[in-house]
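A.B. asks:
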Amino acid sequence: MARPVSIQNEAILEAARRVFLEHGYKASTALIARKARVSQGSLFKHFGSKNELFCEAMRAESGMQKYEDDLLKLAGKGDIQTTLEKAGRQLLKHMQIVLPRVMTMCSSGVSMPTYDRTSGRPPPRVLVDALARYFREEIRLGGLNVEAPEILAHVIVAGLTHYVICDVLHHYRPGPPAAYVRTLVQVVLYGSLSPGAPAGKKGKRVFSNTSAPGADREGKVGRSRA
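For my numbering, count along the sequence shown from 1 and bump the result up by 3.
#1: How about the stretch 70 to 90 and the stretch 103 to 110: do they share at least three Cβ pairs that are nearer than 8 Å?
#2: When you compare each of Y137, N12, R176 and M67 to G162 by their alpha carbons, which one comes out closest?
#3: Cβ of P180 within 8 Å of Cβ of L94?
#4: Thinking C-alpha only, which one of C169, I159 and A18 is nearest V190?
#5: Which term fits L172, buried or exposed, when burial requires 16 or more other beta carbons within 10 angstroms of its beta carbon?
#6: Measure the beta-carbon distance from Y28 to S111 and round it to whole angstroms, keeping in mind my assumption that it falls under 8 Å.
#7: Could you spell out where the alpha helix (DSSP H) holding A78 opens and where it closes?
#8: Does DSSP classify L144 as helix, strand or coil?
#9: Report yes if the C-beta distance between R92 and V184 is below 8 Å; otherwise report no.
#10: Leaving out five residues before and five after H157 in sequence, what residues of the same chain have Cβ atoms less than 6 Å from its Cβ?
#11: Are the stretch 15 to 24 and the stretch 32 to 40 touching by the rule of at least three beta carbon pairs closer than 8 Å?
#12: Given G79, which residues of its chain have a CB within under 6 Å of its CB, disregarding the five upstream and five downstream residues?
#13: Give me the residue from R62, F57, N12 and A60 with the minimum Cα distance to R40.
#14: Considering Cα atoms alone, identify which of H97, L75 and A14 is closest to L56.
#15: Could you give the first and the last residue of the continuous alpha helix (DSSP H) run that contains H173?
#16: Is the distance from the Cβ of L46 to the Cβ of Y137 below 8 Å?
#17: For N148 and M98, what's the separation of their Cα atoms in angstroms?
#18: Just curious, the alpha helix (DSSP H) that S45 is in, first and last residue?
#19: Note the first and the last residue of the continuous alpha helix (DSSP H) segment covering R37.
#20: Exposed or buried, which one is Q84 when buried takes at least 16 other CB atoms within 10 Å?
#21: I need the straight-line Cα distance from G44 to E25, nearest angstrom please.
#22: Between the beta-carbon of A135 and the beta-carbon of P152, is there less than 8 Å?
#23: Can you tell me which of T107, L77 and D82 puts its alpha carbon nearest to the alpha carbon of R62?
Here it is as structure tokens:
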């Protein structure tokens, strides 16, 4: 019994992804067909041209709307540092998948969409907006004292992007992903404490590290119990 078209499409796309990421756009469709265990005729039956196959294989739906909505639900709950560390780890995993595809697309010379298909926004803007929306809600609830939440979000995205680029291009990691995210979040939050911002006031959450006022024993950023 023949495999459903959708399953065969996915097998071809997965094989094409691996081949294009390793060899770039110059990779032959013959190699892709071999990896997918189909004939070239079958490959072009599902995808009309090499360009079409390349664009579909490298395209990555962001899935950021759910990420953004789930993150927003956490505003005002728990402590900010823990929330951002979890969100940062999820975002890093997403970027480890997407950024190699973006770099492959940029080096191919093939014209690709410069926006996210779901939102119509450029991919970096999608990531920044997700975090900035969370920050704005925390500001509204009194948990943060930040003048420019978009800039704070951009700093986090930039730090994660640099980690992935160094890993992909230079096989260099300054530390394990979880430790990197934790340190990045601590640095960003501590640097965002405005002069005169409440530290330890009841009902407020403050930025801290292990040496800053209001920090708990683990250096977490959480609701003050004072």
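Quick reminder that beta carbons are idealized off the backbone N, C-alpha and C, glycines included.
These numbers come from a predicted model, not from an experiment.
C.D. replies: Short version:
#1: no
#2: The candidate whose alpha carbon is nearest that of G162 is R176.
#3: no
#4: I159
#5: Exposed.
#6: In this structure Y28 touches S111 by the C-beta definition: roughly 4 Å separates them, less than 8 Å.
#7: First-last for A78: undefined, no H or E at that position.
#8: coil
#9: yes
#10: Within the same chain, H157 has close Cβ partners V131.
#11: yes
#12: L144
#13: N12
#14: A14
#15: P152 to H173
#16: no
#17: 28 Å
#18: For S45, the uninterrupted alpha helix (DSSP H) run begins and ends at Q43 to H49, by DSSP.
#19: T32 to A39
#20: Q84 is buried by the Cβ-count criterion.
#21: Straight-line spacing of the CA atoms in G44 and E25 works out to 23 Å.
#22: yes
#23: When each option's Cα is compared against that of R62, the closest is T107.
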